[in-house]
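The sequence shown begins at 481 in our numbering and counts up by one.
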Amino acid sequence: MKKIKLLLLIILTFITFSFSQTLDSLSNKDVIIIKAVGDTMFGSYTPKTILPPKDGDEFVESVGNLLKDADIVMCNLEGSFVKEDFKPVKKGSGKVFNFGMPYYLAQTLKNLGFNVVSFNNNHVLDYGYEGYEFTKTLLKSMNINYATREDFTVIEVKGKKVAVVAFGFNGGKYRITDIENAKKEVSQLKSKYDIVIVSFHGGAEGKSALHVRNQTEYFLGENRGNVVEFARGVVDAGADLVIGHGPHVLRAVEIYKGKLIAYSLGNFLTYGNFNLKGYNGIGGILEVVLTKDGKFIKANFIPTKQISFGIPVYDESKQAIQLLNQLGKEDFPNSYYYFKSEE
Numbered sequence: 481m482k483k484i485k486l487l488l489l490i491i492l493t494f495i496t497f498s499f500s501q502t503l504d505s506l507s508n509k510d511v512i513i514i515k516a517v518g519d520t521m522f523g524s525y526t527p528k529t530i531l532p533p534k535d536g537d538e539f540v541e542s543v544g545n546l547l548k549d550a551d552i553v554m555c556n557l558e559g560s561f562v563k564e565d566f567k568p569v570k571k572g573s574g575k576v577f578n579f580g581m582p583y584y585l586a587q588t589l590k591n592l593g594f595n596v597v598s599f600n601n602n603h604v605l606d607y608g609y610e611g612y613e614f615t616k617t618l619l620k621s622m623n624i625n626y627a628t629r630e631d632f633t634v635i636e637v638k639g640k641k642v643a644v645v646a647f648g649f650n651g652g653k654y655r656i657t658d659i660e661n662a663k664k665e666v667s668q669l670k671s672k673y674d675i676v677i678v679s680f681h682g683g684a685e686g687k688s689a690l691h692v693r694n695q696t697e698y699f700l701g702e703n704r705g706n707v708v709e710f711a712r713g714v715v716d717a718g719a720d721l722v723i724g725h726g727p728h729v730l731r732a733v734e735i736y737k738g739k740l741i742a743y744s745l746g747n748f749l750t751y752g753n754f755n756l757k758g759y760n761g762i763g764g765i766l767e768v769v770l771t772k773d774g775k776f777i778k779a780n781f782i783p784t785k786q787i788s789f790g791i792p793v794y795d796e797s798k799q800a801i802q803l804l805n806q807l808g809k810e811d812f813p814n815s816y817y818y819f820k821s822e823e
């Protein structure tokens, strides 16, 4: 019996070592590595002017190294880049959040290593179409790809074409609330491109929205979509990776039909006009490794937290990993993705 156990241990060790060797050999030329973060806003003129010191260089100093070593580095850009004389759009009575980032902070986006931006959320029109179009022109001039409410983007990585499409809940062509259309759009993209990444902005907001439910979510009376039905639907249609944001807190990550779905990456870098207490200040960097034909290999989560007015730093306590695993167990007990804290 001891000999059998020893033999099994040797076989298991060999298999584990071989699998590790395979991943190591794939990690360079044969795989595509994506690093994704949630809500990103570098400081705004409105509702109150709060801008980062050193023109945002402190952001690069604190987390720039964490965003390296990836083929695609993407974020949800929560607001437009604007000039100081641009005017925000009136949104009605009560406390209103309009995010207009000084245009020169687009260089910070570039310096952090972001090469793909999801630009379809409830703040992209905070400065009207003037700010919206200005931002797209600015990003294009800096060779930063962007997926918007009316168009997807394609980035070529290691000889493969990766399409990134962003869905929101505020109108436009790509709406999280129109699942049948979303499935059709994703299916068409998959027929043309090697890999399809779906980004979505949806779900309720705040600490009460930590849990994912398979039902339509509302916030302030607004339909924010059924994120489970949407995410699984686009996977059925051909999406290779689905990345969510919008609730401003982390949500569970699951594996559905072999594809990874992150339901919300929370706040990553939201400087100045954000509530960063408790769960709102916890975020991180999702690292996903895919084969060149879109098959999921593995994922890792680099935990961060925001300090001061919103400077992201590595979180030694790894709160995000603990939270993601807890939420996964509770919301998707049969399909959640378990993140190892030692990676």
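Quick reminder that beta carbons are idealized off the backbone N, C-alpha and C, glycines included. All figures in this text were calculated on a predicted structure; none of them were measured in a lab.
Rounded to the nearest angstrom, what separates F561 and G790 at their Cα positions? Along the sequence shown, read from residue 1 onward, the residue named residue 561 stands at position 81. Along the sequence shown, read from residue 1 onward, the residue named residue 790 stands at position 310. Distance between the alpha carbons of F561 and G790: 18 Å.
Three-state secondary structure assigned by DSSP to R712: Working through the sequence shown from its first residue, we reach residue 712 at position 232. For R712, the three-state secondary structure derived from DSSP is helix.
What did DSSP end up calling T617 once you bin it into helix, strand or coil? Within the sequence shown, residue 617 is the residue found at index 137, counting from 1. Note: T617 maps to helix in three-state DSSP.
Tell me whether the beta-carbon of C555 lies closer than 9 Å to the beta-carbon of S621. By 1-based counting over the sequence shown, the position of residue 555 is 75. By 1-based counting over the sequence shown, the position of residue 621 is 141. No, the Cβ-Cβ distance between C555 and S621 is not below 9 Å.
Tell me, which residues are paired with K757 by DSSP? Taking the sequence shown and counting its residues from 1, one reaches residue 757 at position 277. Paired residues: none, contrary to the question.
I765 versus A689 - alpha carbon distance: Translated into positions along the sequence shown, residue 765 becomes position 285. Translated into positions along the sequence shown, residue 689 becomes position 209. Spanning the two alpha carbons is a distance of roughly 20 Å.
Residue range of the beta strand (DSSP E) that L730 falls in? Here residue 730 corresponds to residue number 250 of the sequence shown, with the count starting at 1. Run containing L730: none; DSSP gives neither H nor E here.
Taking Cβ positions, are F680 and G724 nearer each other than 9 Å? Within the sequence shown, numbered from 1, the residue matching residue 680 stands at position 200. Within the sequence shown, numbered from 1, the residue matching residue 724 stands at position 244. Going by beta carbons, F680 and G724 fall inside the 9 Å limit.
Mind checking whether Y751 and I530 have CB atoms under 9 Å apart? Position 271 of the sequence shown holds residue 751. Position 50 of the sequence shown holds residue 530. Taking 9 Å as the Cβ cut-off, Y751 and I530 qualify as a contacting pair.
Own chain partners of T502 with C-beta closer than 6 Å, once the 5 adjacent residues on each side are dropped: Within the sequence shown, the letter at position 22 stands for residue 502. The predicted model places T502 with a pLDDT of 48, which falls under 50 and marks its position as unreliable; any figure quoted below should be read in that light. Nothing listed; no residue qualifies.
Is the beta carbon of G808 closer than 9 Å to that of A732? Position 252 of the sequence shown, counted from the first residue, corresponds to residue 732. Position 328 of the sequence shown, counted from the first residue, corresponds to residue 808. With contacts defined by Cβ atoms closer than 9 Å, A732 and G808 form a contacting pair.
For Y818, count the other beta carbons within 10 Å of its own beta carbon; 16 or more makes it buried, fewer makes it exposed. Which is it? In the sequence shown, residue 818 corresponds to position 338, counting from 1. Its Cβ having fewer than 16 others within 10 Å, Y818 is exposed.
Under three-state DSSP, which class holds N578? As a first step, residue 578 is located in the sequence shown; it is residue number 98 there, counting from the start. The three-state secondary structure of N578, taken from DSSP, is coil.
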